[in-house]
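Listed in order, the protein sequences are those of chains L and E.
Taken in order, the first sequence gives residues 255 to 270; the numbers are from the working numbering.
Taken in order, the second sequence gives residues 9 to 251; the numbers are from the working numbering.
Yeah, the Cβ is synthetic: ideal placement off N, Cα and C, and Gly gets one too.
Quick caveat, the model's predicted, so the values are computed rather than measured.
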Amino acid sequence: PQDHQLLRFLLDTDEK
Amino acid sequence: QLAPEQLEMIEKLVAMQKQCNKRSFLDRPKVTPWPQSQDPQNREVRQQRFAHFTELAIMSVQEIVDFAKQLPGFLELTREDQIALLKTSTIEIMLLESSRRYDPAIESITFLKDFSYNKEDFAKAGLQFEFINPIFEFSKGMNDLHLDEAEYALLIAINIFSADRPNVQDHDLVERLQQPYVDALHSYIRIKRPNDQLMFPRMLMKLVSLRTLSSVHSEQVFALRLQDKKLPPLLSEIWDVHE
């Protein structure tokens with residue numbers, strides 16, 4: 255399901 | 009003795025934690041300031057304090073996700089398992105991090121190096137004493153153990169890889185990922201405190217008491233909803249019960 259969108263975003267983003 | 013790879017792993021954990029903490033510290037100016045006004049009844053001021061606390065919590069979530077992503081093996085888990093682990097461990101790690109920042113001399117918790125809050129400040133931010141008191145009890149208890157950075161970092165890694173979290177699918181992999189941290193903590197403590205056989209079980213019991221605190225936190229979240237104090241989207245995603 256498309257839940258935890260923001261958490262998924264944080265997990266996907268690779269800031270380094 | 010600590011095996012070389014254990015020593016290296018611990019040093020890496022501590023460095024990761026420092027890096028995540030530093031990033032939050034650099035973001036500090038972006039946080040809604042803690043109002044200096046003393047008027048407890050002013051609705052605007054109360055709302056601002058609540059916003060200040062929730063923004064600090066959001067920064068903490070970002071730190072925890074950053075840290076977890078750098079833990080060897082975490083990204084090998086399915087995305088759903090990553091979310092299941094983070095969803096439950098986030099509040100517990102926040103409580104561990106708060107306890108690390110507890111100063112018994114001023115009975116306060118210092119976030120981001122220069123924001124110190126006592127129980128009254130937590131209450132002014134909108135939290136109820138049914139939650140505030142256990143936070144400070146836990147923090148006092150942890151402070152009495154005088155853990156160092158390595159022990160906190162290992163406890164956090166152990167806490168993240170808890171195979172019995174709700175909705176976790178690959179229990180075996182989570183347990184396998186947790187084991188090296190448990191072993192490293194055990195050896196580390198035995199070297200640091202050779203005469204204190206009880207320290208390791210005492211630390212593990214702190215992880216158990218975090219479970220109780222987590223359920224007290226859920227009651228706090230529910231109470232906030234009753235007061236129509238809305239959590240920001242990221243915190244709502246993790247803590248609110250969505251029908």
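Environment of residue i [buried if 16+ CB atoms lie within 10 Å]
i	result
residue 219 of chain E	exposed
residue 25 of chain E	buried
residue 188 of chain E	buried
residue 170 of chain E	buried
residue 132 of chain E	buried
residue 165 of chain E	buried
residue 34 of chain E	exposed
residue 150 of chain E	buried
residue 223 of chain E	exposed
Endpoints, alpha helix (DSSP H) assigned at residue i
i	result
residue 195 of chain E	179–200
residue 22 of chain E	12–35
residue 220 of chain E	207–234
residue 50 of chain E	It is not in any alpha helix (DSSP H) - residue 50 of chain E carries neither H nor E in the DSSP assignment.
residue 113 of chain E	Counting along the chain, residue 113 of chain E falls outside any alpha helix (DSSP H), and DSSP gives it neither H nor E.
Limits of the beta strand (DSSP E) - the one that residue i falls within
i	result
residue 123 of chain E	123–125
residue 117 of chain E	116–119
For residue j and residue i, the rounded distance between their alpha carbons
i	j	result
residue 45 of chain E	residue 57 of chain E	10 Å
residue 215 of chain E	residue 107 of chain E	13 Å
residue 200 of chain E	residue 211 of chain E	14 Å
residue 147 of chain E	residue 104 of chain E	8 Å
residue 228 of chain E	residue 139 of chain E	6 Å
residue 153 of chain E	residue 203 of chain E	14 Å
residue 234 of chain E	residue 119 of chain E	27 Å
residue 29 of chain E	residue 87 of chain E	24 Å
residue 186 of chain E	residue 47 of chain E	48 Å
residue 232 of chain E	residue 181 of chain E	36 Å
residue 193 of chain E	residue 126 of chain E	31 Å
residue 115 of chain E	residue 31 of chain E	26 Å
residue 268 of chain L	residue 97 of chain E	21 Å
residue 16 of chain E	residue 130 of chain E	38 Å
residue 54 of chain E	residue 11 of chain E	52 Å
residue 157 of chain E	residue 43 of chain E	32 Å
residue 80 of chain E	residue 51 of chain E	46 Å
residue 18 of chain E	residue 247 of chain E	30 Å
Neighbour list for residue i in chain L, Cβ cutoff strictly below 7 Å
i	result
residue 94 of chain E	261
residue 77 of chain E	265
Check whether residue i and residue j have beta carbons under 8 Å apart
i	j	result
residue 89 of chain E	residue 191 of chain E	no
residue 245 of chain E	residue 258 of chain L	yes
residue 14 of chain E	residue 217 of chain E	no
residue 240 of chain E	residue 62 of chain E	yes
residue 265 of chain L	residue 73 of chain E	yes
residue 141 of chain E	residue 100 of chain E	no
residue 174 of chain E	residue 92 of chain E	yes
residue 237 of chain E	residue 134 of chain E	yes
residue 69 of chain E	residue 161 of chain E	no
residue 206 of chain E	residue 66 of chain E	no
Chain-ordered chain L contacts of residue i [CB-CB under 8 Å]
i	result
residue 73 of chain E	261, 264, 265
residue 70 of chain E	264
residue 90 of chain E	265
residue 245 of chain E	257, 258, 259, 260, 261
residue 87 of chain E	262, 265
Residue i: contacting residues in chain L (beta-carbon distance under 9 Å)
i	result
residue 241 of chain E	259, 260
residue 238 of chain E	Within chain L, no residue comes near residue 238 of chain E; the closest Cβ sits about 15 Å away, beyond 9 Å.
Identify each residue in the segment 156–167 of chain E for which the Cβ-Cβ distance to at least one residue of chain B is less than 9 Å, and report them in chain order.
No chain B appears in the structure shown, which is made up of the protein chains L and E.
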